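**Student:**
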Amino acid sequence: MKNQQVLSLAIGSLLALGLVGNAVAADTKMEKCYGVAKAGANDCGSKKAGHACAGHATMNNDKNDFVALPKGTCDKLAGGSTTEASDMPKKGM
Amino acid sequence: MNSPATVALPCVAGIGLRAPHYQEVLDTLPKLGWVEAHSENFFGGGAPLNTLLKAREHYAVSLHGVGMGLASPDQLSATHLDALKHLCDVVQPASVSEHLCWNTVGGKVFNDLLPFPHTFAALDHVVSRVAHVQEVLGRQLLVENLSSYLSFTSSEMSEGEFLAELVQRTGCGILFDVENLYVNVRNLGVDADEFIRAIPAHAVGEYHLAGFSVRDGCLVDTHDHPVHDDVWTLYEKVLHHIGPRPTLIEWDGDIPALSVLMAEANKAQQRMEACDECFA
Amino acid sequence: MNALHDELSVFAGNILGAAQPTPLFDASTHYTTDIGIEVYRNNYRGNLQDALAGAYPIIEQLVGAEFFRRLARDFISLHGSFSANLFDYGAELSDFLMGYAPAHSLPYLSDMARLEWACHRAYFAVDAAPLELVRFTQVAPEEYANLLLHVHPACHIVASAFPIVEIWQAHQPVGTFEIDLARGGEIALVIRQDDVVTVRELTEDEAHWMNGIMQGQRLGEATDATLNRHPAFDLQNTLLLLASLGVWTDFTLGELS
């Protein structure tokens with residue numbers, strides 16, 4: 001281990017933080033989500049086909065015969081809809 | 001094994017606790033007899049479980065499972081049962097219930113409550129599984145009658161007879177869903193009086209009431225409407241034959257304002273009290 | 001139990017649409033057996049579709065409700081459910097989207113699905129109390145290199161060649177859409193604090209180090225590896241930042257090297 005001093009400084013600062021009571025200011029740049037409850041997915045499973053489950057996709061209109069294009073917030077991204085996927089760099093890591 | 005249902009729910013009307021009402025319930029702590037929640041929604045930790053634990057501080061909680069698949073031909077999922085056991089340990093619910101249905105075959109899971117043939121072989125199978133679940137949980141399980149859209153030609157007994165045998169052999173209790181029975185009466189020609197006579201009254205620990213919808217002549221148990229007048233009438237009949245029990249208003253689709261749910265619960269409460277009087 | 005297994009296998013085939021209706025069922029006087037089976041088919045697909053929409057709210061917003069329905073149906077036809085808890089359904093959506101031709105024009109969709117699944121799992125992860133930092137007084141400085149830091153079960157890292165953190169933030173209640181996809185990739189750290197799932201960006205060196213820790217490397221090992229690749233890596237700040245986010249839940253000492 002060639003970085004003993006780095007480790008000592010780092011753990012030392014954690015320890016110091018602990019001694020003052022873990023009082024760290026919240027990171028203000030962070031966005032939060034799921035602060036409100038996710039709907040209970042198993043409610044629908046519990047009981048049959050809430051309207052959304054049973055109400056659509058009947059025998060007659062269930063054929064996969066329409067060609068829909070993505071039409072949502074992707075339109076608000078600059079360059080959000082590109083056909084040059086193959087030119088994109090590979091994912092890191 | 002004919003012990004009465006050991007349910008600690010207060011014998012009053014309660015409501016299903018669903019996500020859209022969590023905040024309002026915890027903020028305003030309305031007068032609710034008790035609440036019921038779907039067990040699987042609280043597997044794991046974090047916000048769902050902590051929300052339920054907060055509610056538990058103010059209300060008796062019933063845990064109502066939708067995924068155990070008591071009649072599935074596949075082996076009972078140990079993972080699922082462990083998760084339920086852990087939840088029961090943490091929440092200490094007043095009541096724990098599951099459905100008389102199957103959901104898994106050949107490793108494929110159908111996230112639904114599916115009917116099966118009421119045969120003697122199926123009875124042996126379900127008996128051993130209910131006994132196992134009760135042993136692991138260390139408590140009595142209430143088993144709920146199912147709403148069905150199909151019935152099997154190979155059935156050898158009625159659902160009521162099946163439940164009576166199950167109670168006799170496992171000591172489990174019954175969650176009597178009055179609306180499910182009504183759906184089966186309308187869809188499949190099930191005899192409501194036969195069902196009410198067949199099940200042992202002492203084992204009934206809870207009632208469910210809900211609304212249905214109709215598709216192509218089939219009543220679908222969608223829980224997205226007020227309780228139908230015919231179901232209220234059947235509930236009154238059930239109260240007279242079996243007696244008052246903790247009664248739940250279930251509403252899972254197009255969930256209305258909390259006040260609407262509470263008003264529905266109040267209708268059930270009034271009927272229970274009227275029944276008390278006629279018993280007295 | 002063979003008869004039960006056989007009958008329910010046929011019923012399962014009916015629900016999946018693979019088999020013809022059979023004489024398993026008594027006729028209802030009000031509707032045909034086909035309609036009864038169709039109700040179960042709709043329940044099956046509808047429940048899975050709703051579960052997908054619940055797990056992937058940003059994917060649904062990005063492509064719109066109509067496209068999402070089609071996407072969900074195509075996914076469900078390839079991926080059955082293996083859990084009786086619907087919150088477990090949909091893990092493979094990211095892989096599915098990589099090869100999904102109708103969404104070819106949205107190359108970031110697969111990575112967004114991976115990020116949303118990480119958030120979804122984080123929401124339901126078991127609870128773990130944050131590490132009390134004073135416990136480090138129990139460790140001699142020469143042992144620091146052997147520390148194994150335990151990470152909160154809700155913690156995930158998702159790397160992408162696209163600005164997935166910005167896209168994610170744009171879909172939060174206060175988010176704004178000022179995103180240029182050409183800006184390049186981002187690495188997302190998913191955590192849960194006070195029951196709330198949060199996403200923030202990690203730098204490349206932070207993520208490199210954190211991945212080492214999450215793979216079970218000891219503190220010395222992970223730090224050496226990261227400093228070799230990113231000489232400017234700031235261990236002290238990284239440790240403090242992650243501590244403030246409640247990432248550390250415990251530590252143990254690995255074997256002496």
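Chains as they are written, first to last, in this note's numbering: chain Y, 1 to 93; chain U, 1 to 280; chain Z, 1 to 257. Glycine residues also receive a C-beta, built at the ideal position from the N, C-alpha and C atoms. No experiment lies behind these values; they were computed from the predicted model shown.
Under 8 Å by Cβ, that's how I've got leucine 113 (chain U) and cysteine 101 (chain U) pegged, so tell me the actual separation to the nearest angstrom.
**Tutor:** Locating residue 113 (chain U) in the second sequence gives position 113, counting from the first residue. Locating residue 101 (chain U) in the second sequence gives position 101, counting from the first residue. 4 Å between Cβ atoms; contact.
**Student:** Taking 8 Å as the CB-CB cut-off, is aspartate 250 (chain Z) touching chain U?
**Tutor:** Taking the first residue of the third sequence as position 1, residue 250 (chain Z) is located at position 250. Output row for aspartate 250 (chain Z): interface = no.
**Student:** Do we get a CB-CB distance below 8 Å when we pair tyrosine 144 (chain Z) with the residues of chain Y?
**Tutor:** By one-based count along the third sequence, residue 144 (chain Z) stands at place 144. Yes, contact with chain Y.
**Student:** Can you have a look at serine 72 (chain U) and say buried or exposed, based on whether 16 or more other CB atoms are within 10 angstroms of its CB?
**Tutor:** Position 72 of the second sequence, counted from the start, is the residue given in the question as residue 72 (chain U). Per the 10 Å Cβ criterion, buried.
**Student:** In chain order, which beta strand (DSSP E) runs of at least 3 residues are fully inside the segment 170-256 of chain Z?
**Tutor:** Correct list: 186-193, 196-202 and 248-253.
**Student:** Any beta carbon of chain U sitting closer than 8 Å to that of glycine 72 (chain Y)?
**Tutor:** Position 72 of the first sequence holds residue 72 (chain Y). No, because no Cβ of chain U sits closer than 8 Å to the Cβ of glycine 72 (chain Y).
**Student:** Cβ atoms of alanine 164 (chain U) and isoleucine 199 (chain U): under 8 Å apart, would you say?
**Tutor:** The sequence position of residue 199 (chain U) within the second sequence is 199, counting from 1. The sequence position of residue 164 (chain U) within the second sequence is 164, counting from 1. For isoleucine 199 (chain U) and alanine 164 (chain U), yes; Cβs fall inside 8 Å.
**Student:** Taking the C-alpha atoms as reference points, what is the distance between threonine 249 (chain Z) and leucine 131 (chain Z)?
**Tutor:** For the purposes of this step, residue 249 (chain Z) is identified with residue 249 of the third sequence, where counting begins at 1. For the purposes of this step, residue 131 (chain Z) is identified with residue 131 of the third sequence, where counting begins at 1. Rounded to the nearest angstrom, the two C-alpha atoms are 4 Å apart.
**Student:** Does the beta carbon of asparagine 60 (chain Y) come closer than 8 Å to any beta carbon on chain U?
**Tutor:** Here residue 60 (chain Y) refers to the residue found at position 60 when the first sequence is read from its first residue. With a pLDDT of 37 at asparagine 60 (chain Y), under the threshold of 50, the modelled position of this residue cannot be trusted; read the value that follows with caution. Closer than 8 Å: no.
**Student:** Take the Cβ of proline 274 (chain Z) as the centre, count every other Cβ of all protein chains shown within 10 Å, and call the residue buried at 16 or more, exposed below.
**Tutor:** Given a span of 1 to 257 for chain Z in the structure shown, any question on residue 274 (chain Z) remains unanswerable.
**Student:** Does aspartate 252 (chain U) have its Cβ less than 8 Å from a Cβ in chain Y?
**Tutor:** For the purposes of this step, residue 252 (chain U) is identified with residue 252 of the second sequence, where counting begins at 1. Cβ-Cβ to chain Y under 8 Å: yes for aspartate 252 (chain U).
**Student:** If we call anything under 8 Å between Cβ atoms a contact, is glycine 17 (chain Z) one with alanine 55 (chain Z)?
**Tutor:** As a first step, residue 17 (chain Z) is located in the third sequence; it is residue number 17 there, counting from the start. As a first step, residue 55 (chain Z) is located in the third sequence; it is residue number 55 there, counting from the start. Against a cut-off of 8 Å, the Cβ pair of alanine 55 (chain Z) and glycine 17 (chain Z) comes out as no contact.
**Student:** I want to see whether chain A comes within less than 8 Å of asparagine 103 (chain U), judged by CB atoms only; does it?
**Tutor:** Of the chains in the structure shown, none is chain A; the protein chains are Y, U and Z.
**Student:** How far does the alpha helix (DSSP H) with valine 126 (chain U) in it reach, from first residue to last?
**Tutor:** As a first step, residue 126 (chain U) is located in the second sequence; it is residue number 126 there, counting from the start. Here the alpha helix (DSSP H) through valine 126 (chain U) covers 120-137.
**Student:** Compare the C-beta of glycine 40 (chain Y) with all C-beta atoms of chain U and state if any pair is closer than 8 Å.
**Tutor:** On the first sequence, residue 40 (chain Y) is found 40 positions in, with the first residue counted as 1. At least one chain U Cβ lies under 8 Å of glycine 40 (chain Y).
**Student:** Here's the rule I'm using: 16 or more other beta-carbon atoms within 10 Å means buried, otherwise exposed. How should serine 39 (chain U) be labelled?
**Tutor:** Along the second sequence, read from residue 1 onward, the residue named residue 39 (chain U) stands at position 39. Serine 39 (chain U) should be labelled buried.
**Student:** With 8 Å as the threshold, decide whether the Cβ of proline 73 (chain U) is near any Cβ in chain Z.
**Tutor:** On the second sequence, residue 73 (chain U) is found 73 positions in, with the first residue counted as 1. By this cut-off, proline 73 (chain U) is an interface position.
**Student:** Starting from glycine 44 (chain U), find everything on chain Y with Cβ-Cβ shorter than 9 Å and list it in chain order.
**Tutor:** Here residue 44 (chain U) is taken as the residue at index 44 of the second sequence, counted from 1. Ordered by position in chain Y, no residue passes the 9 Å Cβ test against glycine 44 (chain U), which lies about 12 Å from the chain.
**Student:** By how many angstroms is the C-alpha of phenylalanine 96 (chain Z) removed from the C-alpha of serine 244 (chain Z)?
**Tutor:** Along the third sequence, read from residue 1 onward, the residue named residue 244 (chain Z) stands at position 244. Along the third sequence, read from residue 1 onward, the residue named residue 96 (chain Z) stands at position 96. Cα to Cα, the separation comes out at about 36 Å.
**Student:** Whose CA, out of U:Gly217, U:Val204, U:Ala210 and U:Asp216, lies closest to the CA of histidine 241 (chain U)?
**Tutor:** Within the second sequence, residue 241 (chain U) is the residue found at index 241, counting from 1. It is U:Val204.
**Student:** Count the CB pairs spanning the segment 74-83 of chain U and the segment 91-111 of chain Z that are closer than 8 Å, and state whether there are at least three.
**Tutor:** Verdict: no, contact absent.
**Student:** I'd like to know whether the C-beta atoms of glutamine 61 (chain Z) and histidine 230 (chain Z) end up nearer to each other than 8 Å.
**Tutor:** Position 61 of the third sequence, counted from the first residue, corresponds to residue 61 (chain Z). Position 230 of the third sequence, counted from the first residue, corresponds to residue 230 (chain Z). Result no, Cβ atoms of glutamine 61 (chain Z) and histidine 230 (chain Z) do not sit closer than 8 Å.
**Student:** Could you tell me the distance, in whole angstroms, from the CA atom of glutamate 264 (chain U) to the CA atom of valine 25 (chain U)?
**Tutor:** Within the second sequence, numbered from 1, the residue matching residue 264 (chain U) stands at position 264. Within the second sequence, numbered from 1, the residue matching residue 25 (chain U) stands at position 25. Each residue's alpha carbon lies about 16 Å from the other.
**Student:** Is serine 108 (chain U) close to chain Z? Criterion is C-beta to C-beta, closer than 8 Å.
**Tutor:** The residue given as residue 108 (chain U) occupies position 108 in the second sequence. Here residue 108 (chain U) turns out to be lysine, not serine, going by the sequence shown. Closer than 8 Å: yes.
**Student:** Examine the Cβ distances between the segment 210-225 of chain U and the segment 30-42 of chain Z and report whether three or more of them are shorter than 8 Å.
**Tutor:** In short, these stretches touch, since the Cβ pair count reaches three.
**Student:** What is the rounded straight-line gap between the Cα of alanine 47 (chain U) and the Cα of glutamate 161 (chain U)?
**Tutor:** The residue labelled residue 47 (chain U) in the question sits at position 47 within the second sequence. The residue labelled residue 161 (chain U) in the question sits at position 161 within the second sequence. In a straight line, the C-alpha of alanine 47 (chain U) is about 41 Å away from that of glutamate 161 (chain U).
**Student:** Using a Cβ-Cβ cutoff of less than 7 Å, which residues in the same chain neighbour alanine 192 (chain U) once the five nearest sequence positions on both sides are dropped?
**Tutor:** Here the question's residue 192 (chain U) lines up with position 192 in the second sequence. Only Leu181, Val185 and Leu234 meet the Cβ criterion.
**Student:** Residues of chain U with CB under 7 Å from aspartate 195 (chain Z), in chain order?
**Tutor:** Within the third sequence, numbered from 1, the residue matching residue 195 (chain Z) stands at position 195. Here the neighbours are Gly46, Ala47 and Asn50.
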